[in-house]
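See structure below.
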Amino acid sequence: MALQRMDNVGIVVEDLDAAVAFFTELGLETEGTAQIEGLFADQAVGLDGVRSDIAMMRTPDGHGRLELAQYHHPAAIGGGSQNTPPNTLGLHRVMFAVDDIDDTIARLRLHGAELIGEVARYKDIYRLCYLRGPSGIILALAERTG
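Heads up: the sequence shown begins at 169 in my numbering, then just goes up one per residue.
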């Protein structure tokens with residue numbers, strides 16, 4: 169048997185509507201939404217009484233997807249501070265290629281995004297930055313310049 173593909177990356181958020189608005193502004197499209205509960209959910213994630221809402225977001229090219237989930241029961245558990253540094257163990261960040269990094273930062277700031285460092289240049293190839301988005305999610309942006 170062979171691996172077929174990476175299907176999606178799941179991110180638990182505090183406010184699903186805010187997270188959907190943030191990633192929609194970035195350029196992702198809502199593929200679908202659902203309420204998740206029942207025995208299959210309990211069995212799949214190993215929790216009892218799961219009740220959550222999810223939104224599946226896809227990149228414009230159709231190859232990448234994020235599953236955003238807001239847990240109603242059991243309540244989401246904080247992984248520590250929402251201001252954890254980028255070198256914290258665990259899921260590091262999600263990176264997106266963009267056409268115009270400055271415009272993207274400006275649009276995402278309207279949805280609460282904060283630049284973690286500054287926009288940096290890697291040789292004459294990329295402009296890169298890290299942003300903190302909803303629920304403390306770290307997002308990386310890359311604009312190809314050369």
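Just so it is clear, CB atoms sit at the ideal spot from N, CA and C, and this is done for glycine as well. Treat the numbers as computed from the prediction; the structure is a model and nothing was measured.
Spatial neighbours of residue i in its chain, beta-carbon cut-off 8 Å, leaving aside the 5 residues before and after
i: L278; result: E193
i: P242; result: L215, D216, G217, V218
i: M263; result: L307, A308, L309, A310
Proximity of residue i and residue j at Cβ, strictly below 8 Å
i: T201; j: A223; result: yes
i: D221; j: L184; result: yes
i: G178; j: E235; result: yes
i: R286; j: R233; result: Note on identity: in this sequence residue 286 is Glu, with Arg being the wrong assignment. Not in contact: E286 and R233 (Cβ atoms no closer than 8 Å).
Residue i versus residue j - alpha carbon distance
i: Y290; j: G314; result: 10 Å
i: D216; j: L196; result: 32 Å
i: A189; j: T272; result: 14 Å
i: I269; j: T227; result: 17 Å
i: R312; j: N255; result: 24 Å
i: D267; j: A212; result: 38 Å
i: V181; j: S303; result: 5 Å
i: A237; j: Q172; result: 24 Å
i: L283; j: T252; result: 14 Å
i: I305; j: A265; result: 17 Å
i: A244; j: D229; result: 31 Å
Interface flag, residue i vs chain B, CB-CB below 8 Å
i: G217; result: Going by chain labels, chain B is absent from the structure shown, which holds only one protein chain.
Contacts around residue i, its chain only, beta-carbon distance under 6 Å, and the 5 residues preceding and following it disregarded
i: I293; result: G314
i: R275; result: E193
Expected contact under 8 Å - CB spacing of residue i and residue j to nearest Å
i: L307; j: L299; result: 5 Å
i: M225; j: F191; result: 5 Å
Residues near residue i in its chain [Cβ-Cβ closer than 7 Å; skip 5 each side]
i: I204; result: V218, S220, I222
i: R261; result: P254, Y298, I306, L307, A308
Next on the checklist: Could you tell me which whole alpha helix (DSSP H) segments of length 4 or greater appear in the segment 243-304?
Outcome noted: Counting whole runs of 4 or more residues, the segment 243-304 contains the alpha helix (DSSP H) stretches 269-277.
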